[in-house]
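Visitor: Numbering of the sequence shown is given in this note's numbering, commencing with residue 25 and proceeding in unit increments. The C-beta atom is built at its ideal place from N, Cα and C for all residues, glycine as well.
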Amino acid sequence: MLIRSFDDYTRAYEHSVNNPSDFWNTVASGFSWKKPWSQTLEWNFETPDVKWFIDGKLNITENCIDRHLPAKKNDIAFYFEPNDPKGQARSISYQQLHDDVCRLANTLKKLGVTKGDRVCIYMPMIPEAVFAMLACARIGAVHSVVFAGFSASSLAGRIQDCDCKVVLTTDGAFRGAKDISIKSVVDEALEVCSSVTNVLVYKHTGTAVNMSAGRDLWWQDEVPQAAASCPAETMDSEDLLFILYTSGSTGKPKGVVHTCGGYMVYTCYTFQNVFQYNAGDLFWCTADVGWITGHSYITYGPLLAGASTVLFEGVPTYPDAGRFWQVIDKYKVTHFYTAPTAIRALEAAGLDFVTPYKLDSLRVLGSVGEPINEEAWQWYHKNIGKEKCPIVDTWWQTETGGMLISPIAGITPLKPSYATLPLPGVQPILVDEKGNEIVGNNVEGNLCIKFPWPSIIRTTYGDHERCRQTYFATYKGLYFTGDGCKRDENGYYRITGRVDDVINVSGHRIGTAEVESAINMHADVVESAVVGYPHDIKGQGIYAYVIAPSTAKDHEALKKEIIAEVNKIIGPIAKPDKIQIVSGLPKTRSGKIMRRILRKVAEGDTSNLGDTSTLLDPSVVDEIVRGKQ
Ligand code: 7RM
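1. Would you call the segment 468-480 in contact with the segment 493-511, where contact means no fewer than 3 C-beta pairs closer than 8 Å?
2. Using a Cβ-based criterion (distance less than 8 Å to any ligand heavy atom), does Asn528 qualify as near the ligand 7RM?
3. For Thr358, does the count of other Cβ atoms within 10 angstroms reach 16, so buried, or fall short, so exposed?
4. Beta-carbon separation of Val225 and Val233 under 9 Å?
5. I think Pro448 touches Trp76, with their Cβ atoms under 8 Å apart; what is that distance to the nearest whole Å?
6. Closer than 8 Å is the cut-off here; do at least three beta carbon pairs connect the segment 134-145 with the segment 185-201?
7. With distance defined between alpha-carbon atoms, name the residue in Met545, Ala433, Val523, Ala497 nearest to Ser29.
8. Excluding five sequence neighbours on each side, which residues of the same chain lie with their C-beta closer than 7 Å to the C-beta of Val125?
9. Between the C-alpha atoms of Asp487 and Lys410, what's the straight-line distance to the nearest angstrom?
10. Should Pro596 be labelled buried (16 or more other beta-carbon atoms within 10 Å of its own) or exposed?
11. Going by the beta-carbon positions, is the gap between Thr274 and Gly459 smaller than 9 Å?
12. Got a sec: does the ligand 7RM put a non-hydrogen atom nearer than 8 Å to the Cβ of Ala414?
13. Run through DSSP, which three-state label would Trp243 get?
14. Compute every distance between the C-beta of Asp507 and the non-hydrogen atoms of the ligand 7RM, then say whether any falls below 8 Å.
15. Out of curiosity, what's the CA-to-CA distance linking Arg620 and Thr494?
16. Can we count Trp76 as close to the ligand 7RM, meaning its CB is less than 8 Å from some heavy atom?
17. Whose C-alpha, out of Val606, Gly608, Ser607, Val590, is nearest the C-alpha of Pro600?
18. Let's see if you can read the secondary structure: which residues bound the beta strand (DSSP E) around Lys20?
19. Take every Cβ of the segment 286-301, pair it with every Cβ of the segment 392-409, and state whether three or more of those distances are shorter than 8 Å.
20. Closer than 8 Å is the cut-off here; do at least three beta carbon pairs connect the segment 513-524 with the segment 326-339?
21. With a threshold of 8 Å on Cβ separation, who are the neighbours of Gly508 within its own chain once the five nearest residues in sequence on each side are excluded?
22. Relative to the C-alpha of Thr71, which residue among Phe496, Asp31, Ser62 is closest?
23. At what residues does the beta strand (DSSP E) containing Lys510 begin and finish?
24. Let me check you understand the geometry: is the CB of Ser236 closer than 8 Å to at least one non-hydrogen atom of the ligand 7RM?
25. Just the C-alpha distance for Pro437 and Pro431, rounded to the nearest angstrom, thanks.
26. Taking 8 Å as the cut-off, is the CB of Gln493 close to at least one heavy atom of the ligand MN?
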């Protein structure tokens, strides 16, 4: 069943296209179902409506935990490596994972959480964050993990959008040399969230916090008392498993919805095949559980496969830029999965941080989150993989749930900066602006997928029409990814980046509209326009053009205040790298900002700004070019 050769891949791929139901029936039969499905798939990309493993009943946590207990209750599920290398490392066996998850699940029940309720998780990268996700899934509650770097107002927006009943959090977080207060952010957010009845607080850093009587409870007071077994709620394949908010080109972040059956089958299948993980291996994904990569390849995929993984609380550069390599050496990591931005930053730090460590345990390297440039690919291959480890450049999205285009480690011949070939079940198609299919090889277009895979987005929470509009309306009958893509002479795919108004900063998706709306909150800002520009380490940086009234104060002070405003409204990940104060923006007669021009200036390419004759006031372009930051 598992792919072990290129022939296996070709056969699996053809099977998945010629007879998708038969193919996925076989894959899905490898899981533990409380009741088998009666029909494999029903779908249309018009409304859209996609259902997999119809009428099947399951609980994903039984597949992540209970199913493995007879054979491997003492095997390690997670090695926890704290932020501080001298801090307390922990290892959590599958039996301990079971007990911890059940205790927390029982605590949630005691707080009145029942099937279908939403629970917000706002926590740093500690084992309890994974317990939290699984405890929700155990009782059929829907988790909404919010990255603990988001601001109070971002957190509040996400809690309000899906009416969370309970928030799981910590007192604080260690991130590099910083102690970050977490609970106070939750407190501020909850001032405007009436749906939340309780907050369960895990004492992690020992920092002083306010506990609101009747609402806030200490995790350590409640959870250890709860029973270490908890029946797993029976879930339908299409019951909600989680909501994860992600940015798009317009408006507020959308709550991407994934459901139980298809997500389980697809994340496990892709984990096992892409990484070629075998018993005894040790997998480390450096993402945060606040992003989809953490959901699918820290929590669910590896646990479904019964794997052992490393869970890391810290950052790549603390106490120095050798930390990743030290951790690989310490635990003898065999599979390492990280983002190009980290690779570029560590490359810039120099080889002196790499050479002290033995990296000979490594067998497979992975990359995710943004295009990996050839330079970074070669550095990773040579200096980390010692030219012996395949690099799987895995392309996928929050909305896809799992990897869609990726090499199979050690099996698919590699080509640097190419995500290579679609995984079984994935049918990519390139289209032009009008939606016509671009056939043949050596071509470029907008990347769409024409057939559902089991973990495709089901809806955007509370607003199905927005899901249709965003992903299924641009090109009739197709799922549109928002990415541009090349197909080379051998049919290999290379993702070139977003073609919409989304910026990818260090692998984090930032909507330009969101940043603009945060900037516009500043009293001295008349209007703003935000674009991405190439950044050596981050992949893309954020460039903001801001119109301030002529009476505005000192521009340098204003820029600082704008940055503070964005930090407050979204969080530090969205803060502009460059701000240019302008007196006007290039607009067409119908009032549309010509972003093409702003992007060119931000990129530093002012030689050919294209046709500016349709602009209302072409002279603003000269001013913008002169004032480039
Ligand atoms: C997994 C994740 C999705 C966007 C996507 C792309 C970009 C992700 C790659 C990539 C080139 C890759 N989910 N992207 N992986 N671009 N090569 N291997 O990152 O929802 O946060 O972002 O990220 O633009 O549309 S995400």
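Guide: The structure says:
1. The segment 468-480 vs the segment 493-511: in contact.
2. At least one heavy atom of the ligand 7RM is nearer than 8 Å to the Cβ of Asn528, so yes.
3. buried
4. yes
5. In fact, because the Cβ distance is near 15 Å, the residues do not count as touching under 8 Å.
6. Counting C-beta pairs closer than 8 Å gives three or more between the segment 134-145 and the segment 185-201, which meets the contact rule.
7. Ala433
8. Thr85, Ile89, Phe155, Leu158, Ala159, Arg162
9. Going from the Cα of Asp487 to the Cα of Lys410 covers about 48 Å.
10. So Pro596 ends up on the exposed side.
11. The answer is no: Cβ separation not under 9 Å.
12. The sequence shown places Pro at residue 414, rather than the Ala named in the question. Because no heavy atom of the ligand 7RM lies under 8 Å away, the Cβ of Pro414 does not count as near it: no.
13. Trp243: helix per DSSP, three-state reduction.
14. yes
15. 21 Å
16. no
17. Val590
18. The displayed coordinates of the chain run from 25 to 653. Any statement about residue 20 would go beyond what the structure contains.
19. no
20. no
21. Glu468, Gly469, Asn470, Leu471, Ile519, Thr520, Gly521, Arg522, Val523
22. Phe496
23. 503-511
24. no
25. 8 Å
26. Ligands in the displayed structure: the ligand 7RM; the ligand MN is not one of them.
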